[in-house]
Structure formats: C-alpha cells, structure tokens
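Heads up: the sequence lines are chains A and B, in that order. When you read off a place in the first sequence, starting at 1, and then add 2, the result is the number in the working numbering. When you read off a place in the second sequence, starting at 1, and then add 2, the result is the number in the working numbering. Even for Gly, the Cβ is constructed at its ideal location relative to N, Cα and C. Contents: one structure, followed by commentary.
Protein chains: 2
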Amino acid sequence: MKVVVDAFGGDNAPLEVVEGAVLAIKQNKDLTVVLTGDEIKIKEILGDRIERIEIVDAKDVVTNEDSPTIAIRQKKDSSLVRAFDLLKTDETIIGLVSAGSTGAILAGAIMKIGRIKGISRPALAPILPTKTDRDVIIVDSGANVDCKSENLLHFAIMGSAYYSIIAGEKAPRVALLNNGAEEHKGNELTKETYPLMKTLPINFVGNSEAREVMSGDVDVIVCDGFAGNVLLKGVEGTASAILSTLKKEVKASFWAKIGYLFMKGAFKKLKTKLDINKHGGAPFLGCKKLIVKNHGSCGRDNICASIMQVIKLHENKLNEKIEAMIQDMTGKVGTEND
Amino acid sequence: MKVVVDAFGGDNAPLEVVEGAVLAIKQNKDLTVVLTGDEIKIKEILGDRIERIEIVDAKDVVTNEDSPTIAIRQKKDSSLVRAFDLLKTDETIIGLVSAGSTGAILAGAIMKIGRIKGISRPALAPILPTKTDRDVIIVDSGANVDCKSENLLHFAIMGSAYYSIIAGEKAPRVALLNNGAEEHKGNELTKETYPLMKTLPINFVGNSEAREVMSGDVDVIVCDGFAGNVLLKGVEGTASAILSTLKKEVKASFWAKIGYLFMKGAFKKLKTKLDINKHGGAPFLGCKKLIVKNHGSCGRDNICASIMQVIKLHENKLNEKIEAMIQDMTGKVGTEND
Chain A
3 MKVVVDAFGG DNAPLEVVEG AVLAIKQNKD LTVVLTGDEI KIKEILGDRI ERIEIVDAKD
63 VVTNEDSPTI AIRQKKDSSL VRAFDLLKTD ETIIGLVSAG STGAILAGAI MKIGRIKGIS
123 RPALAPILPT KTDRDVIIVD SGANVDCKSE NLLHFAIMGS AYYSIIAGEK APRVALLNNG
183 AEEHKGNELT KETYPLMKTL PINFVGNSEA REVMSGDVDV IVCDGFAGNV LLKGVEGTAS
243 AILSTLKKEV KASFWAKIGY LFMKGAFKKL KTKLDINKHG GAPFLGCKKL IVKNHGSCGR
303 DNICASIMQV IKLHENKLNE KIEAMIQDMT GKVGTEND
Chain B
3 MKVVVDAFGG DNAPLEVVEG AVLAIKQNKD LTVVLTGDEI KIKEILGDRI ERIEIVDAKD
63 VVTNEDSPTI AIRQKKDSSL VRAFDLLKTD ETIIGLVSAG STGAILAGAI MKIGRIKGIS
123 RPALAPILPT KTDRDVIIVD SGANVDCKSE NLLHFAIMGS AYYSIIAGEK APRVALLNNG
183 AEEHKGNELT KETYPLMKTL PINFVGNSEA REVMSGDVDV IVCDGFAGNV LLKGVEGTAS
243 AILSTLKKEV KASFWAKIGY LFMKGAFKKL KTKLDINKHG GAPFLGCKKL IVKNHGSCGR
303 DNICASIMQV IKLHENKLNE KIEAMIQDMT GKVGTEND
C-alpha cells in the first residue's frame, strides 16, 4: 500500500514533511511512502531511514504565488505535479498528501485525477473541535465559492460518508448552515436546498446557525465554500484573538501571572483541543483518488496523521460509499453531472 | 429631543427596558423617552420616576414567532408597531430603540419608515471587539441575505459614515469580506464588487479574510447578510465554546481552580471586552430615521447605551452624511434606487 507525499509543499517543507513520512512508516508496517521533490535534499534528511520510502525526483516547487491552473499545466517538474502524475498512473498508490498551495492542490485534483462519477464538484472538509468530545466537519470550506443546490446535496452525502468513517458513527447528524434555525429562513440557495436535503439518504437534522458550530450538536455542516471559508476562518481568528487577549491580561497583572502558573495544564488542554491540525488535514472529497490537504504551517505529526487518514479512508472504502450513495439518489439531482 | 423605545421588545422586557430608559434620562438632561407598551405595567415599574418619560399604551406584543411583515401589518396595537407609527409621524422623535424580533424591526423600518434617498437596501451593523483597543463593525450582518454589488457599495458608504461617528475616525479602514486577500479572489459577488469599491469616496483597504475580523486591522467589514451572519454568529459561538471549555478544564483540576482565583480579574476583563452589547445595539443603517436593534437578551445598560447611541448619531448627522456621500457617488451605481 503506497501513499504519495509532496515533500516540498508547505511552510516547513521538506524537513517536517519527510519526518512525518518517517513517522507514518513506523506506525504502519504495510505502508510505503513515495516522496516527490529534490532527491538530494530529501536524502539528506532521511539519512539511512530508507526502508519503505521511495523518492521521485522533482526539481521545481509550486508556490502560493503561482496561478493554480497554470502551475499544474506548466510546472511539470514540481513536487506537486509529480505527485499527481504518480497518483494518476500508479494503481498501487491509494492517495496523496500535500501541505502546499490549496488552489494548486484543488486544480491538480480536478485536472489530473477527476471526480467520482455523479459528483458535480469535489469539496474540502476540514475538522473543527467542539466543546464536547465530538468533532464537527465543514463541507465545503472554500473549494467552491459559488454553488448550486446540487453541489450542496453532494457535499452533504460526501460529508456524511466521510464523518461516518472517521468517527465510527452510523448516521452522522448533517445540518445546513443558515442564518436561522427555521425551515423558511435562508438565502436563495439554502431555501432551495432545504427541502431537497430532506430527500437524501442521510440523517439531515435541519438548519444550523454559525453560533452552533462548536456546540457539538451537529457532525457535518454543509455550506457553499464562501460561507464555509468565512465560518472556518472566523472560528480560527476568534480563537486566536481570545487567547492573545487573555495572554495580554495575564502579563499585565502580577496575580494573574501567578494564577496562570496553576492553570497551565488547563490552558495546554484547551490549546490541544483547539488544534485543528491534530487529526491531519482536510480531505478533498469527491475525487477519484484520496487527496488530503494539510495546513501550510503544519508539522510532522500532522503529515503523519494525514497519511494515516488516507489509509483509514481507503480501508473503509470512502469513495465506493460515496459512489453508491450518489447512485442511490433520485435522478432529479443528477442532471448536471459528467 | 425624543427617542421612542419599544418597552415590550426582548427577553427581559419590560423591566430592563424601562430601567434602561430611566438610566438614559439621568444621563441626558435634554432627553425625553417615549415608552410604548402596556401602560399599567410600565407605570408599575416606573413608580414616581416619570419626569421626561411619556407612555403610549399598546396592549399587544410582536413575538419572534410572528411573521415579520404580517405582524407589522396586523398587530397595530403592539408596542413595536406603535413605536414605528410614532417614529413616522412625530417629527420631534429622532430615533427608535427595540430589543424585539429582528425580522419585525427590519420589516417595520422598511414598511413604516423607508430608505434614505439613493440607498438600495438598509443594513444591520453590529459592533465586535478586536484584540486591540479598536472595535470593528460588520455591515450587513443579516438583513439582506442575497445581495448585488450595488448593495455592498451602499453598505460600505453607510458603514464608513457610521464608524467615523462612533469612533471619531476621519477615514475608517473599510474592507470587503472575502475568501482570500488577493484582488482576484472571491465569489461572483465579491469579484464584481472589488473594483467598484475602489471608486468610492471611502478608505477602502482591500479584501479581508474572516480570520482577520478581530485583528484590529480593519474598522468596517462589508459583506452580504448571509456571510455577515455566519461571521458574527461564528465569532459568538467560538467565544462561548472556548470560555465554556476553559471553565470545564478549570473545574476538573484542583490547581487550575486555585489559579482561576488569581486570574479572576483577567477573565473579567476578557468577558467585558467580548461583550458585544456593551456599546448598545446594532443600528439599521440607511433608514430615513435612526433605528437601533438591541440583542434580545440585553439588559438595562445596553438599552441605555442604545438610546445614547441614537442621540450621538443624530447630533453628528449620520443620515445627512450618508445621503451626501450617496449623492457624491457616480451615476453608475445608482440605477436601481427609488
């Protein structure tokens, strides 16, 4: 079983990516990781830890400044494009992990790998923590900023299938992100989508306001990529602002500093809880092969977690489940596909 | 100078609303408050504190369960509709404050009061704290869930005028909420709006991601009401989830409990900072008269702050400024008005 990893994607590449691959190799005896990128640099990091690691040389790197589609077309010798080419052609490779440019990963996925039959648009589905022990996923968090109802229905199906695997839940609670809880609330898109959501073979629990995102009351939040991006980044920004404000208050007071020493453990637990990268990256759901996008600033643990996530999704047949559920849908929402 | 207050709007009405009016009367010697609602109950609360307070009897109440437009049309003897009728007909009344149903307040504003000449759609503009000493406002936070570019341009102008009054800033930094910082990023709406924003007589600073909302780097965030609602409620939900998680961690550990005692002051300051109601409510910008919507759960201090806000906006001629700025705009964005 092979997973291809873009060794030069992300702020901490190649060191953290290569080390993440080594961690993954240790955790799974059946795994081989294919690293793409500058062979000399990768070998320098690896040293003699070469068992079940293959290297495919690529001299170029796709950056955040590159235009995604142009980069995928023209940077043929980049670590990301090489990784996609391998994913496409090598049937023993089950998935791809990259912490590189989100836009380029999405473009590569569409242009090189393609969609699962019946899926109108693949979607990014990051995990967020909640105040309970359960996590929540947002589909789509930014891959599709303009959506139709059909897209949202597919996001719901893919999100439900994905969540059921990662959380071991038979019927994850799927909600439509909206500006009110009542059925009649919403913009044109959500009002049109709501009744259609009820017809899907999933556990649709109705509308969810953004206020409820971390309540733990829902498992899958379905939305267009623009709203999902606002939600995801709004949560990140708020968490960061609150923690930095609290830090400032603590620094400003002698007694608070003393108190902080006693509370260090509690803060550490909170920080771990809020770490959105701890489970690995966000899968790009709906592509013919498994693709996981890591946060650009991620470290070796996140890369390792993402490789493990690819294996878990493969072993639990995520894509086969999605395809079966899409076939199951009535014909009325399948007109735009293929 | 008179302000009309819907004494029966909100979860804590009429007690907190009436007490809020009394607080405002004490703070401003030129102010008269007109309270609408059940006269007997209002008088019970007021006792002998009747100086510069007028009561207009209204036996009915508009609830969150009412359909907004139907309630405004049919509940003629409700405290909210009476308040709007007074605002419309009594020229000495400069504005209205209510903590009632948002939908009904918006419907009343449109149906009874109407828009400032040239404004395509009025918008709600709540204030959020940032990690700096400056606040940020979101326009629109939910009044208009489907928008065109023209609406967003008007939100930008109204938000800029409003922020300049409340913060004493000559050129507030106005940003377009988007899924990326670069000019080419966005959905159809924001991509179309970006170049038009540059033509406005405001300090447009470009796109802002939701992650930056509490950074203090921008003063006015312009967006459609659906995205604004997601942003506002996402921030609220995240803050509440983080604080409740931290509380749980503190309760779970003896040492953290001790630490909390030392840090109580720091937490209190954080809580005050995060209180989005402390400045009063959210104005409904772009109506012919000043209308401020309070949070349903607000207390007397918030009601008082909202009344003070109405006075400040009136004295600083908010609506005249908005009208002048709209006239100033080139003809290309004024075609759909009136």
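*Report the residues of the stretch 100 to 134 of chain B with a CB closer than 8 angstroms to any CB of chain A, ordered along the chain.*
THR132, LYS133
*Please confirm whether B:PHE206 and B:MET216 have their CB atoms less than 7 angstroms apart.*
no
*For B:VAL241 versus B:LEU276, is the C-beta spacing smaller than 7 angstroms?*
Looking at the sequence shown, residue 241 of chain B is not Val but Ala. Yes. Within cutoff.
*By a C-beta neighbour count over all protein chains shown, 10 Å radius and 16 as the cutoff for buried, is A:GLY105 buried or exposed?*
buried
_What would DSSP say about A:PRO16, mapped onto helix, strand or coil?_
coil
*Give the secondary structure of A:GLY336 by DSSP, where H, G and I count as helix, E and B as strand, and everything else as coil.*
At A:GLY336 the pLDDT is 45, less than 50, meaning the model places this residue with poor confidence and gives no usable figure here.
*Whose C-alpha, out of B:LYS28, B:LEU287, B:ILE57, is nearest the C-alpha of B:GLU41?*
B:ILE57
_Paired residues, beta bridge with A:PHE206 - DSSP_ = A:VAL176
*Status (buried if at least 16 other CB within 10 Å, exposed otherwise) for B:HIS186*: exposed
*Mind pulling the chain A residues with CB within less than 7 angstroms of B:MET216?*
GLY239, THR240, ALA243
*Burial state of B:THR2, where buried means 16 or more other Cβ atoms lie within 10 Å*: There is no way to answer for residue 2 of chain B, as the model of chain B reaches only from 3 to 340.
_Which residues of the stretch 16 to 48 of chain B have a Cβ closer than 8 angstroms to any Cβ of chain A? Give them in chain order._
none
*Give the straight-line distance between the Cα atoms of B:VAL36 and B:ILE52, rounded to the nearest whole angstrom.*
11 angstroms
*Where does the unbroken alpha helix (DSSP H) through B:PRO197 begin, and where does it stop?*
190 to 199
*Determine, using beta carbons only, whether B:ALA158 and B:VAL176 come nearer to each other than 7 angstroms.*
yes
*Does the beta-carbon of B:LEU191 have 16 or more other beta-carbons within 10 angstroms, so that it is buried, or is it exposed?*
buried
*Going along chain B in order, which residues have a C-beta closer than 9 angstroms to the C-beta of A:ASN279?*
In chain order: nothing, as chain B lies at least about 15 angstroms away.
*Using the C-alpha atoms, what's the distance from B:ALA26 back to B:GLY283?*
14 angstroms
*Measuring alpha carbon to alpha carbon, tell me which of B:LEU88, B:ASP62, B:ALA23 ends up nearest B:GLY39.*
B:ASP62
*Just confirm the distance between the C-beta atoms of A:LEU82 and A:GLY116, as a whole number of angstroms; I'd bet it's less than 8 angstroms.*
Incorrect: roughly 17 angstroms between the Cβ atoms, too far for contact.
*asked:* If the criterion is Cβ atoms closer than 7 angstroms, does the pair B:PRO285 and B:ASP221 meet it?
replied: no
*Whose C-alpha, out of A:ALA15, A:HIS281, A:LYS290, is nearest the C-alpha of A:GLN311?*
A:HIS281
_Same chain, Cβ closer than 7 angstroms to A:THR337, neighbours up to 5 away in sequence not counted_ = In this prediction, A:THR337 scores a pLDDT of 43, lower than 50, which makes its location untrustworthy; the coordinate-derived value is nonetheless stated afterwards. None.
_Alpha carbon of A:GLU67 to alpha carbon of B:LEU320, nearest angstrom_ = 42 angstroms
*What is the DSSP secondary structure of A:VAL312, counted as helix, strand or coil?*
helix
*Mind checking who A:ILE129 pairs with in its DSSP beta bridge?*
A:ILE139
*Using a cut-off of 7 angstroms between C-beta atoms, extract the partners of A:ARG213 located in chain B.*
LYS235, GLU238, GLY239
*Select from the stretch 295 to 306 of chain B all residues with a C-beta closer than 8 angstroms to any C-beta belonging to chain A, and list them in chain order.*
none
*Take the Cβ of A:GLY239 as the centre, count every other Cβ of all protein chains shown within 10 Å, and call the residue buried at 16 or more, exposed below.*
buried
*Which value, in whole angstroms, describes the spacing of the CA atoms of B:ALA60 and B:GLY298?*
20 angstroms
*What residues from chain B crowd round A:LEU248, counting only those whose CB sits closer than 7 angstroms?*
ALA268, LEU272
*Under 7 angstroms between the Cβ atoms of A:SER143 and A:GLY230?*
yes
*Below 8 angstroms on the Cβ atoms is my guess for B:VAL232 versus A:ALA212; work out the distance and round it to an integer in Å.*
4 angstroms
_Member of B:ILE328, B:ILE313, B:ALA127 whose CA lies at the smallest distance from the CA of B:THR201_ = B:ILE328
*State the beta-bridge partners of A:ILE223 as determined by DSSP.*
A:ILE140, A:ALA177
*Could you name the residues of chain B that A:ILE260 contacts, counting a contact when the two beta carbons are closer than 9 angstroms?*
GLY261, PHE264, MET265
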